[in-house]
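Novice: Mind looking over this structure? Questions follow.
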Amino acid sequence: MIRINLLEEIEDKSGKYLINGLVLGASPILVVLIFLGYFGVLVDQIDQLNVDKEIVNGKLVKMREQTKRIDEIEAGKATLKTKLTTIASLKIKKLGTIRILDDLNTAVPEKMWLDAVKQTDSEHIEILGIALDNPTTSSFIRELKKSQYFKDPEQNQTMQITFEDSKLIKFNIVSGLKYPFNI
Numbered sequence: 016m017i018r019i020n021l022l023e024e025i026e027d028k029s030g031k032y033l034i035n036g037l038v039l040g041a042s043p044i045l046v047v048l049i050f051l052g053y054f055g056v057l058v059d060q061i062d063q064l065n066v067d068k069e070i071v072n073g074k075l076v077k078m079r080e081q082t083k084r085i086d087e088i089e090a091g092k093a094t095l096k097t098k099l100t101t102i103a104s105l106k107i108k109k110l111g112t113i114r115i116l117d118d119l120n121t122a123v124p125e126k127m128w129l130d131a132v133k134q135t136d137s138e139h140i141e142i143l144g145i146a147l148d149n150p151t152t153s154s155f156i157r158e159l160k161k162s163q164y165f166k167d168p169e170q171n172q173t174m175q176i177t178f179e180d181s182k183l184i185k186f187n188i189v190s191g192l193k194y195p196f197n198i
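Okay, here's the thing in structure tokens:
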């Protein structure tokens, strides 16, 4: 026999609605929980980066102090090098001056007297003196030209003077100076 239900049976859909409601209600909460978890991870990463930043800033401060000390040492080194160069230059000039005076003394003939020797600047010298005659002065200039310290000596001025009934030549010789060393 065939049965036909003319009365409609009502299905119980409350379980479906409950599940759908739970899924729809839990979805935003689940999304919020995921975002909170991700936010927590980001906060931890930011805290770690801040700690790393403080460590790097501490190292940077130490390196700046070291760089400052290195700069001070370099400045002191440059100052010391300048001082040493100046001292070496003065020693060479002192040695050169001694040799210049020695060559000057050697070049003076018997019939000549020097009154003054003036260094006008670091590269020129002026020699004042008295000679018996002009050939003596010329001989003196030739001897100066032979020296490695005198450069282009020339008679600048001559004047005849009388001293105790003798006629003498008063002269002025100007010469450049050469230092055979590197100054």
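Residue numbers (our numbering): 16 to 198.
The beta carbon of each residue, even a glycine, is placed where N, CA and C say it ideally should be.
Predicted model, so just to flag it, every value in this text is computed and none were measured.
1) Please determine, among 131, 174, 160 and 59, the residue with the shortest C-alpha to C-alpha distance to residue 147.
2) Any contact between the stretch 170-188 and the stretch 141-157? By contact I mean 3 or more CB pairs, one from each, below 8 Å.
3) So what's residue 78 in DSSP terms, helix, strand or just coil?
4) Just the Cα atoms here: how many angstroms apart are residue 71 and residue 51?
5) Please work out which residues of its chain come closer than 8 Å, Cβ to Cβ, to residue 132, disregarding the five sequence neighbours upstream and downstream, and give them in chain order.
6) By the 10 Å Cβ neighbour count, where 16 or more other Cβ atoms means buried, how is residue 64 classified, buried or exposed?
7) Extract the residue ranges of the beta strand (DSSP E) inside the stretch 126-151, only unbroken runs of 3 or more that lie entirely within it.
8) Measuring alpha carbon to alpha carbon, tell me which of 153, 180 and 191 ends up nearest residue 136.
Specialist: Checking against the coordinates, here is how it stands:
1) 174
2) yes
3) helix
4) 30 Å
5) 116, 119, 140, 141, 142 and 143
6) exposed
7) 127-136 and 139-146
8) 191
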